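In UniProt numbering, the protein residues as written are 1 to 366.
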């Protein structure tokens, strides 16, 4: 009887190891056969598990270690420093490149490589409107959004940034207890972004709260397995995108009524600038953005427009807190440069910049 149990446990162990080994290699076998023609020269690598590929290891490296270098190191250590490795990422067979020379070649080769995102990420960011986006619409969107990427145009928002930053710091100081700085920095960064995109002062704060809260689910979906199953982070991200779309559609309808009453007035935010293209007075034959294109643009900028700003601001504050001498040097240098710019070039917005910088040292919480 005891001998039978030994055989049983041995058979189970062998079976588990065999199944594990087969599942671990089935992706490699399948795609090695699929791409075995002379047309392809597949680099070495690891395709991971069926359906999920290397994503578990990728997310573990990203979330726990906070350093994707451990993910790349696995391929370099196991398959050599060739700089190209096959893998299975985001639901599709992929090639990871890790050396500057290869990265530069790929990014500069527009004929053979297209820039883009995995389909699951495009679904989170915002789907194309019905009928897609025409070349003319894409060019118009790029032209209209160019000013918000220009530091000269953004300088007109310094007063707004000062107001939001001051109220946020004062609120945290009044709490009288430690705060999670990165989490708290997201909201003022978001409020500044909303001023640039839709002029947040004209919007019901409850709608902005919905956008901010739902957008956090989109971030979580970005770092999750793309399983569209209720309860999973990816499914919550898709639902969050739909809720944000409803809010933006409501804001667009409200803003159209407002614009109809203020024709000819200068626009101070991206939404109204895009809506102005729908005006019949713009002329026959000119490209007009549809509501779907406007919503998609707002979705993309909402997703990528404030999280990184909050992260950089947090690290900058921590660095200045630990090294106050650097803050004094940076402040002195900034004032010196602003004085030169104002005297020599008479830059229109220099006084606003100076005012913004002079606000910082007066506050007890800096």
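C-beta: ideal position from N, C-alpha, C; glycine also. Small disclaimer: the values here were computed from a predicted structure and weren't measured.
Between which two residues does the alpha helix (DSSP H) harbouring residue 35 extend?
If you number the chain shown from 1, residue 35 lands on position 35. From DSSP, residue 35 is part of no alpha helix (DSSP H); its letter is neither H nor E.
Spell out a yes or no on whether the segment 192-204 and the segment 294-307 are touching, meaning 3 or more CB-CB pairs, one atom from each, closer than 8 Å.
The segment 192-204 vs the segment 294-307: in contact.
For residue 15, does the three-state DSSP call read helix, strand or coil?
Taking the chain shown and counting its residues from 1, one reaches residue 15 at position 15. Helix at residue 15.
Does the Cβ of residue 297 have 16 or more other Cβ atoms within 10 Å, making it buried, or fewer, making it exposed?
Within the chain shown, residue 297 is the residue found at index 297, counting from 1. Buried.
Express the C-alpha separation of residue 11 and residue 26 in angstroms, rounding to a whole number.
To locate residue 26, count along the chain shown from 1; it is residue 26. To locate residue 11, count along the chain shown from 1; it is residue 11. Straight-line Cα distance between these residues: approximately 22 Å.
Less than 7 Å between C-beta atoms, sequence neighbours within five positions excluded: which residues of the same chain meet that for residue 102?
Here residue 102 refers to the residue found at position 102 when the chain shown is read from its first residue. 83, 84, listed in sequence order.
Cα separation between residue 319 and residue 223?
Here residue 319 corresponds to residue number 319 of the chain shown, with the count starting at 1. Here residue 223 corresponds to residue number 223 of the chain shown, with the count starting at 1. Taking the straight line from one Cα to the other gives about 27 Å.
Between which two residues does the alpha helix (DSSP H) holding residue 168 run?
Working through the chain shown from its first residue, we reach residue 168 at position 168. Run containing residue 168: 158-175, per the alpha helix (DSSP H) assignment.
Using three-state DSSP, classify residue 306 as helix, strand or coil.
Mapped onto the chain shown, residue 306 falls at position 306. Residue 306 falls in the coil class under three-state DSSP.
Helix, strand or coil: how does DSSP classify residue 368 here?
The structure shown does not extend to residue 368, since the chain is modelled only from 1 through 366, so no value can be given for it.
What's the C-alpha gap between residue 169 and residue 78?
Residue mapping note: residue 169 aligns to position 169 of the chain shown, counting from 1. Residue mapping note: residue 78 aligns to position 78 of the chain shown, counting from 1. Near 48 Å, if we compare the C-alpha coordinates of residue 78 and residue 169.
Whole-angstrom Cβ separation of residue 270 and residue 140, contact assumed at under 8 Å?
Here residue 270 refers to the residue found at position 270 when the chain shown is read from its first residue. Here residue 140 refers to the residue found at position 140 when the chain shown is read from its first residue. Actually they do not touch by this definition, with Cβ atoms about 12 Å apart.
Look at the alpha carbon of residue 213 and the alpha carbon of residue 162, and state the distance between them as a whole number of angstroms.
Taking the chain shown and counting its residues from 1, one reaches residue 213 at position 213. Taking the chain shown and counting its residues from 1, one reaches residue 162 at position 162. The alpha-carbon atoms of residue 213 and residue 162 are separated by roughly 24 Å.
What did DSSP end up calling residue 116 once you bin it into helix, strand or coil?
For this step, residue 116 is matched to residue 116 along the chain shown. In the structure shown, residue 116 sits in coil (DSSP, three-state: anything other than H, G, I, E or B).
Taking 9 Å as the cut-off, decide whether the C-beta atoms of residue 91 and residue 35 are in contact.
Stepping through the chain shown from its first residue, residue 91 is reached at position 91. Stepping through the chain shown from its first residue, residue 35 is reached at position 35. Not a contact, by the Cβ cut-off of 9 Å.
Let me know if residue 175 comes out buried or exposed under the rule of 16 or more other beta-carbons within 10 Å of its beta-carbon.
Here residue 175 is taken as the residue at index 175 of the chain shown, counted from 1. Per the 10 Å Cβ criterion, exposed.
Here's the rule I'm using: 16 or more other beta-carbon atoms within 10 Å means buried, otherwise exposed. How should residue 307 be labelled?
If you number the chain shown from 1, residue 307 lands on position 307. With 16 or more other Cβ atoms within 10 Å, it is buried.
Considering just the uninterrupted stretch of the alpha helix (DSSP H) at residue 187, what are its terminal residues?
Position 187 of the chain shown, counted from the start, is the residue given in the question as residue 187. Element bounds for residue 187: 181-198.
Counting along the chain, where does the alpha helix (DSSP H) carrying residue 209 start and finish?
Residue numbering aside, residue 209 sits at position 209 when the chain shown is read from its first letter. Taken as a continuous stretch (DSSP letters only), the alpha helix (DSSP H) holding residue 209 covers 205-222.
From residue 258 to residue 291, what does the alpha carbon distance come to, in whole angstroms?
As a first step, residue 258 must be located in the chain shown, where it is residue number 258. As a first step, residue 291 must be located in the chain shown, where it is residue number 291. Distance between the alpha carbons of residue 258 and residue 291 is about 16 Å.
Cutting at 7 Å between CB atoms, please list the residues of its own chain near residue 43, excluding the five before and the five after it.
Taking the chain shown and counting its residues from 1, the one referred to as residue 43 is at position 43. Cβ neighbours of residue 43 beyond the five flanking positions: 82, 84, 85, 86, 95.
Give the single residue among 107, 122, 121 whose Cα lies nearest to the Cα of residue 115.
Within the chain shown, the letter at position 115 stands for residue 115. Checked all of 107, 122, 121; the closest Cα to residue 115 is 107.
Just the Cα atoms here: how many angstroms apart are residue 211 and residue 59?
Translated into the one-based positions of the chain shown, residue 211 becomes position 211. Translated into the one-based positions of the chain shown, residue 59 becomes position 59. One C-alpha to the other measures close to 26 Å.
Please say whether residue 189 and residue 309 have beta carbons closer to each other than 9 Å?
Position 309 of the chain shown holds residue 309. Position 189 of the chain shown holds residue 189. Going by C-beta atoms, residue 309 is nearer than 9 Å to residue 189.
Run through DSSP, which three-state label would residue 268 get?
The residue you call residue 268 lines up with position 268 of the chain shown. Note: residue 268 maps to coil in three-state DSSP.
I need the DSSP call for residue 93, collapsed to helix, strand or coil.
Residue 93 sits at position 93 when you count from the first residue of the chain shown. Strand at residue 93.
Between the alpha carbons of residue 159 and residue 217, how many angstroms are there, rounded?
The count along the chain shown starts at 1 and reaches residue 159 at position 159. The count along the chain shown starts at 1 and reaches residue 217 at position 217. If you take the alpha carbons of residue 159 and residue 217, they lie about 31 Å apart.
Taking all protein chains shown into account, do 16 or more other C-beta atoms lie within 10 angstroms of the C-beta of residue 22, making it buried, or fewer, making it exposed?
Translated into the one-based positions of the chain shown, residue 22 becomes position 22. When all chains shown are included, residue 22 counts as exposed.
Please state the DSSP three-state secondary structure of residue 292.
As a first step, residue 292 is located in the chain shown; it is residue number 292 there, counting from the start. In this structure, residue 292 counts as helix in the three-state DSSP scheme.
Residue 372 lies in the alpha helix (DSSP H); which residues open and close that run?
Since the first residue of the chain shown is 1 and the last is 366, residue 372 is not available in this structure.
From residue 331 to residue 203, what distance separates their C-alpha atoms?
The residue given as residue 331 occupies position 331 in the chain shown. The residue given as residue 203 occupies position 203 in the chain shown. Rounded to whole angstroms, residue 331 to residue 203 spans 35 Å at the Cα level.
Using beta-carbon positions only, say whether residue 241 and residue 126 come within less than 9 Å of one another.
Locating residue 241 in the chain shown gives position 241, where the first residue counts as 1. Locating residue 126 in the chain shown gives position 126, where the first residue counts as 1. Yes, the pair counts as a contact, with Cβ atoms nearer than the cut-off.
Cβ atoms of residue 191 and residue 208: under 9 Å apart, would you say?
Here residue 208 is taken as the residue at index 208 of the chain shown, counted from 1. Here residue 191 is taken as the residue at index 191 of the chain shown, counted from 1. A contact, by the Cβ cut-off of 9 Å.
Between residue 97 and residue 105, what straight-line distance do the alpha-carbon atoms span, to the nearest angstrom?
Reading the chain shown from its first residue, position 97 is the one you call residue 97. Reading the chain shown from its first residue, position 105 is the one you call residue 105. So the alpha carbons of these two residues sit roughly 11 Å apart.
Among all the DSSP beta bridges, which residues are the ones paired with residue 49?
The residue you call residue 49 lines up with position 49 of the chain shown. Bridge partners of residue 49: 53.
Can you have a look at residue 8 and say buried or exposed, based on whether 16 or more other CB atoms are within 10 angstroms of its CB?
The residue labelled residue 8 in the question sits at position 8 within the chain shown. By the 10 Å Cβ count, residue 8 comes out exposed.
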